[in-house]
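Novice: Would you mind keeping the following structure in view while I ask a few things?
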Amino acid sequence: MRCSLPISSERRVLCVFPAYTPSFGTFAHAFRLMYRVRAFMPPQGLLLIAAYLPASWPVRFIDENIAPAKAADFAWADIVMVSGMHIQAPQINDIAARARAKGKVTVLGGASVSGAPELYPQYDYLHIGEIGDATDRLIACLDDSVTAPAAQRRFETNERLPLSDFPLPAYDLIRLNRYLIGSLQFSSGCPYRCEFCDIPALYGRQPRLKTPEQITAELDAMLAQSFCPPVVYFVDDNFIGNRKAAREMLPHLIAWQRKHGYPLQFACEATLNLAKQTEILALMREAQFLTVFVGIETPDAEALKAMRKEHNASLPMLEAINTLNSYGLEVTSGIILGLDTDTADSESRLKAFIDLSQIPILTINLLQALPRTPLWDRLQRDGRLITDDAGLESNVRFLRPYDEVVATWRRCIAHAYDPERLFARFTHQVDATFANRMVGPVRGKLTIANLRNALVLAFNIAFRVGILADYRRPFWRAARHALRRGQIDAVLGIGFAAYHLIEFSREALRGDQNASFYSTLKRERKLESQPLRKSA
Ligand code: SF4
Numbered sequence: 023m024r025c026s027l028p029i030s031s032e033r034r035v036l037c038v039f040p041a042y043t044p045s046f047g048t049f050a051h052a053f054r055l056m057y058r059v060r061a062f063m064p065p066q067g068l069l070l071i072a073a074y075l076p077a078s079w080p081v082r083f084i085d086e087n088i089a090p091a092k093a094a095d096f097a098w099a100d101i102v103m104v105s106g107m108h109i110q111a112p113q114i115n116d117i118a119a120r121a122r123a124k125g126k127v128t129v130l131g132g133a134s135v136s137g138a139p140e141l142y143p144q145y146d147y148l149h150i151g152e153i154g155d156a157t158d159r160l161i162a163c164l165d166d167s168v169t170a171p172a173a174q175r176r177f178e179t180n181e182r183l184p185l186s187d188f189p190l191p192a193y194d195l196i197r198l199n200r201y202l203i204g205s206l207q208f209s210s211g212c213p214y215r216c217e218f219c220d221i222p223a224l225y226g227r228q229p230r231l232k233t234p235e236q237i238t239a240e241l242d243a244m245l246a247q248s249f250c251p252p253v254v255y256f257v258d259d260n261f262i263g264n265r266k267a268a269r270e271m272l273p274h275l276i277a278w279q280r281k282h283g284y285p286l287q288f289a290c291e292a293t294l295n296l297a298k299q300t301e302i303l304a305l306m307r308e309a310q311f312l313t314v315f316v317g318i319e320t321p322d323a324e325a326l327k328a329m330r331k332e333h334n335a336s337l338p339m340l341e342a343i344n345t346l347n348s349y350g351l352e353v354t355s356g357i358i359l360g361l362d363t364d365t366a367d368s369e370s371r372l373k374a375f376i377d378l379s380q381i382p383i384l385t386i387n388l389l390q391a392l393p394r395t396p397l398w399d400r401l402q403r404d405g406r407l408i409t410d411d412a413g414l415e416s417n418v419r420f421l422r423p424y425d426e427v428v429a430t431w432r433r434c435i436a437h438a439y440d441p442e443r444l445f446a447r448f449t450h451q452v453d454a455t456f457a458n459r460m461v462g463p464v465r466g467k468l469t470i471a472n473l474r475n476a477l478v479l480a481f482n483i484a485f486r487v488g489i490l491a492d493y494r495r496p497f498w499r500a501a502r503h504a505l506r507r508g509q510i511d512a513v514l515g516i517g518f519a520a521y522h523l524i525e526f527s528r529e530a531l532r533g534d535q536n537a538s539f540y541s542t543l544k545r546e547r548k549l550e551s552q553p554l555r556k557s558a
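Reminder that position 283 of the sequence shown reads as 305 in the working numbering, one-by-one numbering, no gaps.
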């Protein structure tokens, strides 16, 4: 539903979503292989706010991962609204500076300001917490006046709007064909309490849910566009945070797929104990889930216990990964280095895990303490938080020497993204995972736009990876293996992902990319796209 307040003024609202810094999870390098793609996925939070605003307020939506907001956009607006995560903090502040230079009142909401409002003194209004009573008070205030207040004002949500009352995100304000994948939210919150994670504090431990009807209505809205990305990502903090709800929603997703001829495939984030939920896994397979991002963090059981992520060890880890693969789910994984439990052996254990698990895509990052986490509180108590802009890769004073931790990170990404090893892991996936996917009808996917995009992708992969790249030999070996099994899709997926991962890791090893999403090291970079989050 929309905001139902009585409104007396018309306000033109410019919603601006900040650019992301490239990372392993952005796939930004691979956009050049695709037709018109410029960003990873649509920003759910700001699209939701745009949809909630009063119907009489015109809204313009700019995602700066695609193109920057122009002077004319700022000139048009009465209000500039921004939302983002900690990793976008410099870009969030940059938008405020541009808006203020045009004399516009500025509003900031979203995860970063909700966790650390003190980072954003430049904004006129801060919206802290999820959409709810604070949103209505903020709208009433803006309806009253768009003159910047003398001092910053904060609106904090006490009563959240139930997810079942969320309006359909304003997909009509964006063009989905500019995005690599679509995005969708079914639930918010996670029942676990991992030490480094801010999700429980920000979104609660009791997952809140949309109805299955909302989910299918959102899919209808996406499909109504001239082109909808063929894969849609459930951005839920943990897709099985409420197992019963996931189990009850999935049949609706399957029914929607059947009705439309299986036009889409899905991905999500979930905890590794998903491997115990065979009923859910069977439904996910039938709904055509391809990938699950799992925050594995470390293969070390003691380290998992120390970070309160024991649920990752409730099954032997490799067995759990094999189980997910057996339902056609490729596992992508978050890994953290710089943990207090790391020893001189951690590097060799992680490399062995990468080889044994055969997970192709891993986002390997240094530990970072986020505000509103138990980790932040512990490190603050122990005097181990680096709060000044020290130009380091992390705000944590590691127990092991800083240079050694960063060097370990470099050696681990060099190992993971050595082309021979990477293509060997993808080759393993062809048999262990892709062969287990349900072969559904292709009726829903047979569109002119899909065929054109596949042809552009195939041509660019053949040219840039298959001819120009110095890793063309291992690529063709993996491609031949997939083609012999009739997996043409897999050849495109492997070429696409490997191109980004290898190019990005080479930049990182040259020192052109950071070891942490949150690094304060300043490097010349293009600001593009949105990363896979590191949560579940
Ligand atoms: S890291 Fe994942 S499992 Fe742990 S609290 Fe965060 S969302 Fe939940």
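Cβ coordinates follow ideal geometry from the N, Cα and C atoms, glycine included. All of these numbers come straight from a predicted model, not from anything done at the bench.
(1) Which parts of the segment 371 to 432 are runs of the alpha helix (DSSP H), unbroken and 4 residues or longer, counting only runs that do not cross its ends?
(2) Is it the case that the Cβ atoms of THR320 and LEU361 are separated by a distance below 8 Å?
(3) How do the segment 417 to 426 and the segment 472 to 484 stand: do at least 3 beta-carbon pairs fall below 8 Å, yes or no?
(4) On the CB-based measure, 16 or more other CB atoms within 10 Å of its CB, does GLN402 come out buried or exposed?
(5) Could you round the C-beta distance between LEU303 and LEU312 to whole angstroms and report it? I think they count as a contact, below 8 Å.
(6) Along the chain, where does the beta strand (DSSP E) that runs through ALA289 open and close?
(7) According to DSSP, VAL104 sits in a beta bridge with which residue or residues?
(8) When the Cα of PHE518 is compared with those of ALA491, LEU531, TYR255, ASP100, which residue comes out closest?
(9) In the DSSP assignment, what residue or residues form a beta bridge with SER136?
(10) Determine the closest residue to ARG40 out of TRP98, SER134, PHE53, with distance taken between C-alpha atoms.
(11) Could you pull the start and end residues of the alpha helix (DSSP H) that VAL353 belongs to?
(12) May I ask which residues mark the beginning and end of the beta strand (DSSP E) holding THR320?
(13) For GLY154, which beta-bridge partners are listed by DSSP?
(14) Under 7 Å from any heavy atom of ligand 1, does the C-beta of TYR214 make it?
(15) Confirm the yes/no value for this check: CB of ASN295, any heavy atom of ligand 1, distance under 7 Å.
(16) Which residues does DSSP pair with ALA61 in a beta bridge?
(17) How is LEU340 classed by DSSP in three states: helix, strand or coil?
(18) ASP440: which of ASP187, ASP377, GLU240, ALA391 sits nearest, CA to CA?
(19) Report whether the distance from the Cβ of ASN260 to the nearest heavy atom of ligand 1 is below 7 Å.
(20) Does the distance from the C-beta atom of ALA558 to that of CYS212 stay below 8 Å?
(21) Run through DSSP, which three-state label would SER209 get?
(22) Going by alpha carbons, who is nearest to GLY226 out of SER527, PRO396, SER210, LEU75?
(23) My output table needs one value for VAL513: the three-state DSSP class, helix, strand or coil.
(24) Measuring from the CB of LYS331, is there a heavy atom of ligand 1 at a distance below 7 Å?
(25) How many angstroms separate the CA atom of LEU272 from the CA atom of GLY466?
(26) Can you give me the C-alpha to C-alpha distance between CYS290 and ARG175, rounded to a whole angstrom?
Specialist: Once the coordinates are examined:
(1) 396 to 403
(2) yes
(3) no
(4) exposed
(5) No, LEU303 and LEU312 are not in contact; Cβ-Cβ is about 13 Å, not under 8 Å.
(6) 287 to 291
(7) VAL38, LEU130
(8) ALA491
(9) DSSP lists no partner for SER136.
(10) Before going further, note that residue 40 is Pro rather than Arg in the sequence given. Residue SER134 is the option with its Cα nearest to PRO40.
(11) It is not in any alpha helix (DSSP H) - VAL353 instead sits in the beta strand (DSSP E) that spans 352 to 359.
(12) Counting along the chain, THR320 falls outside any beta strand (DSSP E), and DSSP gives it neither H nor E.
(13) ARG182
(14) yes
(15) no
(16) TYR201
(17) helix
(18) ASP377
(19) yes
(20) yes
(21) strand
(22) SER210
(23) helix
(24) yes
(25) 19 Å
(26) 36 Å
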